[in-house]
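Trainee: Sharing a structure, written as structure tokens. Questions coming.
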Amino acid sequence: QKEVEQDPGPLSVPEGAIVSLNCTYSNSAFQYFMWYRQYSRKGPELLMYTYSSGNKEDGRFTAQVDKSSKYISLFIRDSQPSDSATYLCAMSVEGAQKLVFGQGTRLTINP
Amino acid sequence: DTAVSQTPKYLVTQMGNDKSIKCEQNLGHDTMYWYKQDSKKFLKIMFSYNNKELIINETVPNRFSPKSPDKAHLNLHINSLELGDSAVYFCASVTSGTQYFGPGTRLLVL
Chain A
1 QKEVEQDPGP LSVPEGAIVS LNCTYSNSAF QYFMWYRQYS RKGPELLMYT
51 YSSGNKEDGR FTAQVDKSSK YISLFIRDSQ PSDSATYLCA MSVEGAQKLV
101 FGQGTRLTIN P
Chain B
1001 DTAVSQTPKY LVTQMGNDKS IKCEQNLGHD TMYWYKQDSK KFLKIMFSYN
1051 NKELIINETV PNRFSPKSPD KAHLNLHINS LELGDSAVYF CASVTSGTQY
1101 FGPGTRLLVL
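From first to last, the protein sequence lines stand for chains A and B. For the first sequence, counting from 1, position 75 maps to 75 in this note's numbering; every step adds exactly one. For the second sequence, counting from 1, position 32 maps to 1032 in this note's numbering; every step adds exactly one.
Now the structure itself:
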């Protein structure tokens, strides 16, 4: 079993839809949870960063962490074609050090 | 003003050759990483350096040797390239809470 599981998709939704992306993990020591966005042929860029459990909102993006279920989510409201990318969850025991990544979910927003 | 840069962007080479990838960051960070991203998009840590010292060395074949001449540079040398080494290699620079990734080097071994 991988330490972090993420459905690779692909996921295709119409513009304006609410998108839900999820990851599960097995290591209960993970404390730091991140979502990275990777456009085609580019490096990943940090989108959201959460410590421990709870919600965090940034514009159209909301990150949720449920440590009791070992489950994290990223919601995208009013999705735009420019949101089309691969979204990777990442987590660690020690902040930004030694991140363990999910496989990434490839998302396409159709105009 | 590229924060993390890598050269070359593309590298096509024959099996058995030796090649190097270079990474430079102008962010003033102490810690840098090398990652390998395979065709299924799995991103895996290979090495980490902190201020020129190796701090993480995942299970990577000895053919891969990182070198950090100073804390702004982390290079990756690969000996005796194999078909399975074909992947995208990302360098990242780290500060509290955030890893900044380079644009990647696409390596294809024929």
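From the three backbone atoms N, C-alpha and C, an ideal C-beta is built for every residue, glycine too. Note that the coordinates shown come from a computational prediction; the quantities given were computed from them, not determined experimentally.
Which of helix, strand or coil does DSSP assign to residue 1104/B?
Mentor: DSSP places residue 1104/B in coil when its eight states are reduced to three.
Trainee: In chain B, which residues lie with their C-beta within 8 Å of the C-beta of residue 99/A?
Mentor: Going along chain B in sequence order, the residues near residue 99/A (Cβ under 8 Å) are 1045, 1099.
Trainee: Should residue 1067/B be flagged as near chain A, meaning a C-beta pair shorter than 7 Å?
Mentor: Taking Cβ atoms only, chain A never reaches closer than 7 Å to residue 1067/B, which makes this a no.
Trainee: Going by C-alpha distance, which of 1058/B, 1005/B, 1019/B is nearest residue 1049/B?
Mentor: It is 1058/B whose Cα lies nearest to the Cα of residue 1049/B.
Trainee: Measure the CB-CB distance between residue 1104/B and residue 43/A and report whether it falls below 7 Å.
Mentor: Yes, they are a contact pair.
Trainee: Anything in chain B within Cβ reach of residue 88/A, meaning under 9 Å, just list it in chain order.
Mentor: The answer, in chain order, is 1041, 1043.
Trainee: Using DSSP's beta-bridge definition, name the partner residues of residue 37/A.
Mentor: Bridge partners of residue 37/A: 45/A, 87/A.
Trainee: Under the assumption that residue 1005/B contacts residue 1075/B (Cβ atoms under 8 Å), give the Cβ distance between them as a whole number of angstroms.
Mentor: The Cβ separation is near 12 Å, so there is no contact.
Trainee: Return the CA-CA distance between residue 2/A and residue 90/A, expressed in angstroms with no decimal places.
Mentor: Using only the alpha carbons, I get a separation of about 13 Å.
Trainee: Taking 8 Å as the threshold, find out whether the segment 1090-1101 of chain B comes into contact with the segment 1058-1069 of chain B through three or more Cβ pairs.
Mentor: No, they do not touch.
Trainee: For the beta strand (DSSP E) that contains residue 1020/B, what are its first and last residues?
Mentor: Unbroken beta strand (DSSP E) run through residue 1020/B: 1019-1025.
Trainee: Please list the residues of the segment 56-67 of chain A that have a C-beta atom closer than 7 Å to any C-beta atom in chain B, keeping them in chain order.
Mentor: So the list is empty, because no residue satisfies the distance condition.
Trainee: What in chain A is Cβ-close to residue 1102/B, meaning under 8 Å?
Mentor: In chain order: 43.
Trainee: What would DSSP say about residue 1085/B, mapped onto helix, strand or coil?
Mentor: Here residue 1085/B sits in helix by DSSP.
Trainee: Between residue 87/A and residue 37/A, how many whole angstroms is the CB-CB distance? I'm expecting something under 8 Å.
Mentor: Confirmed, Cβ separation roughly 6 Å.
Trainee: With respect to 6 Å, is the separation between the Cβ of residue 97/A and the closest non-hydrogen atom of the ligand GDP below this value?
Mentor: Summarising the ligand content, the structure contains no ligands, and the ligand GDP is consequently not present.
Trainee: Applying a beta-carbon distance threshold of less than 8 Å, which residues of chain B neighbour residue 103/A?
Mentor: 1040, 1041, 1042, listed in chain order.
Trainee: Less than 8 Å between the CB atoms is what I'm expecting for residue 35/A and residue 11/A, so what's the real figure, rounded?
Mentor: Rounded, the Cβ-Cβ distance is 14 Å, inconsistent with contact.
Trainee: Measuring CB to CB, does residue 1036/B end up less than 7 Å from residue 104/A?
Mentor: No, the Cβ-Cβ distance between residue 1036/B and residue 104/A is not below 7 Å.
Trainee: I'd like the span of the beta strand (DSSP E) that includes residue 65/A, first residue to last.
Mentor: Per DSSP, residue 65/A belongs to the beta strand (DSSP E) from 61-66.
Trainee: Assuming residue 1032/B is part of the beta strand (DSSP E), what are its boundary residues?
Mentor: Per DSSP, residue 1032/B belongs to the beta strand (DSSP E) from 1031-1037.
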